[in-house]
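Residue numbering for the sequence shown follows my numbering, starting at 735 and increasing by one per position.
Don't be surprised by glycine CBs; every beta carbon is placed ideally from N, CA and C.
Remember, it's a predicted structure, so these values are computed and weren't measured experimentally.
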Amino acid sequence: MSLISIIVPCYNEQESLPLFYDEISKIAEIMYEHEFEFLFIDDGSKDNTINILKSLSISDHRVRYISFSRNFGKEAAIYAGLKNAFYSKDGLIAIMDVDLQDPPSLLIEMYEGITHEGFDCVATRRSTRIGEPKLRSFFAQTFYKIINKISKIEIVDGARDYRLMTRQMVDSILEMAEYNRFSKGIFSWVGYKTKWLEYENVERAAGQTKWSFWKLFIYALEGVVAFTTTPLAISSIVGFAFCLVSFIMILVIVTKTLLFGDPVAGYPSLVCIIFFIGGIQLFCMGIVGQYLSKTYMETKRRPIYLVKESTENNKSNHFHV
735 MSLISIIVPC YNEQESLPLF YDEISKIAEI MYEHEFEFLF IDDGSKDNTI
785 NILKSLSISD HRVRYISFSR NFGKEAAIYA GLKNAFYSKD GLIAIMDVDL
835 QDPPSLLIEM YEGITHEGFD CVATRRSTRI GEPKLRSFFA QTFYKIINKI
885 SKIEIVDGAR DYRLMTRQMV DSILEMAEYN RFSKGIFSWV GYKTKWLEYE
935 NVERAAGQTK WSFWKLFIYA LEGVVAFTTT PLAISSIVGF AFCLVSFIMI
985 LVIVTKTLLF GDPVAGYPSL VCIIFFIGGI QLFCMGIVGQ YLSKTYMETK
1035 RRPIYLVKES TENNKSNHFH V
């Protein structure tokens, strides 16, 4: 009997939790020949999430939970889940969203892909973005195009965190204990043979999304900074190009003034040029600042998350790096 661990990050999901538990329990009944554990990571929820998890853990021995001292983000929750899942050399580990946008029914096909087809990971991607705002879809597709062109890793458009992995792959992911985490990039970076399953976009079962446009933008920026230094090269090229253009323009102005007596005029255009060059400089400094800030946070060696309580020890306050 093999062990399948289901990692479920949760943040203010009191409406979705009961629905998800019912659905994943049905899948566990279908796959009755396997042992399951449901590891919920409470990412500092402010609603009734933790109380529901406590109740589930009492009524079902398969349910475990870890509750953070505050909201550390989904990336920290994923890392905590992978790190604290019960160890089994032949076990499989899945990451799923609690809002049922990741259909639990796919887990059966994902299991077949690993056990019978020889894959190390079976991941999912959305084939459509039905129900998602068009502007958000446009920027999401643009992000995937850009990062795949400027980085050495390939991130599939529409890729979800929902995937089933072997213990070997999970151990490789855990070796990347960086503070600034971008799981989609990490999954690709570690390699391993991956099969992709497509499915149409599914609306949330309950509750509201915690991902605003701004949060998604910051997350995308994290991915770019974490897996490519191309923006630094671009800023250097832009700086060199403007120096070259400025030198040529100086020669042109001096030549026109000395040979033709053409007075230098155009105060408004000069101000625009100064503002434009200043904007380019600030933009390039911002790129450098992003990389510097990430380096700064890594050197501080802060814990990725702090545990307030868990199934094993409700008074636990140990940290994990």
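- Within the model, the alpha-carbon separation for Val972 versus Asn914 is close to 27 Å.
- Bounds of any beta strand (DSSP E) do not take in Ala911, whose DSSP letter is neither H nor E.
- In the three-state reduction of the DSSP assignment, Lys1034 falls in the helix class, which pools H, G and I.
- When the Cα atoms are used, Val1041 and Gly807 turn out to be separated by approximately 13 Å.
- Bridge pairing for Asp776: Cys744 and Ser801 [DSSP].
- With respect to the 7 Å criterion, Lys823 and Arg897 are not classified as neighbours on the basis of their beta carbons.
- Beta-bridge analysis with DSSP links Lys929 to Val856.
- Asn818 sits buried, since 16 or more C-beta atoms from the chains shown fall within 10 Å of its C-beta.
- In the structure shown, the three-state DSSP call for Met830 is coil.
- Rounded to the nearest whole angstrom, the C-alpha separation of Glu809 and Ser917 is 7 Å.
- Met899 is bridged by DSSP to Ile827 and Cys855.
- Remark: C-beta atoms of Ile827 and Val904 approach each other more closely than 7 Å.
- In terms of Cα proximity to Ala975, the closest of Ile1014, Thr962 and Glu956 is Ile1014.
- Taking the CA atoms as reference points, Gln835 sits about 11 Å from Arg859.
- DSSP places Ser922 in the helix class (H, G or I) of the three-state scheme.
- Assigned with DSSP and collapsed to three states, Ser791 falls in helix.
- Taking Glu932 as the centre and dropping the five residues before and after it, the same chain places the C-beta of Arg859 and Ser861 closer than 7 Å to its C-beta, in chain order.
- By alpha-carbon distance to Tyr766, the top candidate from Ile738, Glu747, Leu751 and Asp756 is Ile738.
- Annotated three-state conformation of Ala811 is helix, per DSSP.
- Just so you know, the alpha carbons of Ile968 and Thr1029 end up roughly 19 Å apart.
- Annotated as proximal: Thr928 and Ala857, with beta-carbon spacing under 7 Å.
- For Met910, the closest alpha carbon among the candidates Tyr1025, Glu757, Gly852 and Ala814 is that of Ala814.
- Classified as exposed, Val979 has fewer than 16 neighbouring CB atoms from the shown chains inside 10 Å of its CB.
- Under DSSP, Ala893 shares a beta bridge with Arg859.
- Taking C-beta separations shorter than 6 Å and ignoring five residues to either side along the sequence, the partners of Phe774 in its chain run Val742, Cys744, Leu787 and Tyr799, following chain order.
- Lys886 carries a coil assignment under DSSP once its states are collapsed to helix, strand and coil.
- Under a 10 Å Cβ-count criterion, Phe1017 is classified as exposed, with fewer than 16 other Cβ atoms of the shown protein chains found around its own Cβ.
- Excluding residues up to 5 positions away in sequence, Ile842 lie with their Cβ nearer than 8 Å to the Cβ of Ile764 in the same chain.
- In the three-state scheme derived from DSSP, where H, G and I count as helix and E and B as strand, Phe820 is classed as coil.
- Between the alpha carbons of Met830 and Ile740 lies a distance of about 7 Å.
- Taken through DSSP and simplified to helix, strand or coil, Ser1044 comes out as strand.
- Here Leu1026 is exposed. Its C-beta has fewer than 16 other C-beta atoms within 10 Å.
- Assigned with DSSP and collapsed to three states, Ser839 falls in coil, not helix or strand.
- The residue among Glu934, Ile982, Asp833 and Ile907 with its C-alpha nearest the C-alpha of Ile758 is Asp833.
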